[in-house]
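Taking full-length UniProt numbering, the leading residue of the sequence shown gets 1, the next gets one more, and so forth.
Ideal placement from N, C-alpha and C gives every residue a C-beta, glycine not left out.
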Amino acid sequence: MDNRINHFQNDKGYNIIKIGVKKFMCAGASPPMDHPHIFINMGDENEKRCPYCSTIYCFDSSLGQEETSPKGCLLLI
1 MDNRINHFQN DKGYNIIKIG VKKFMCAGAS PPMDHPHIFI NMGDENEKRC
51 PYCSTIYCFD SSLGQEETSP KGCLLLI
């Protein structure tokens with residue numbers, strides 16, 4: 001079982017990013033313009049807003065663990 005926590009970034013300034021996981025880290029933008037990387041757990045909800053950058057992350061069960069919509073928001077650490 002893979003216990004890695006994916007990091008996501010929002011370099012393009014999207015309002016909403018759909019992701020295929022419910023536990024993740026938000027970095028805001030890619031380094032060096034990132035905010036503190038914070039752990040977000042959606043729990044029973046399907047949507048959470050990052051308290052730093054206000055990006056809304058929505059869980060989409062049709063996406064894989066490293067997929068985002070729009071594409072390209074996974075941050076490789």
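### Query
Is it buried or exposed for Q65, if we count other Cβ within 10 angstroms and need 16 for buried?
exposed
#### Entry: Nearest to G20 (by Cα), restricted to the options G72, C58, L76
C58
### Message
Rounded to the nearest angstrom, what separates S54 and Y14 at their Cα positions?
### Response
10 Å
#### Entry: Per DSSP, the bridge partner or partners of Y57
I17, K48
### Query
Alpha carbon to alpha carbon, what distance is there between K22 and P32?
25 Å
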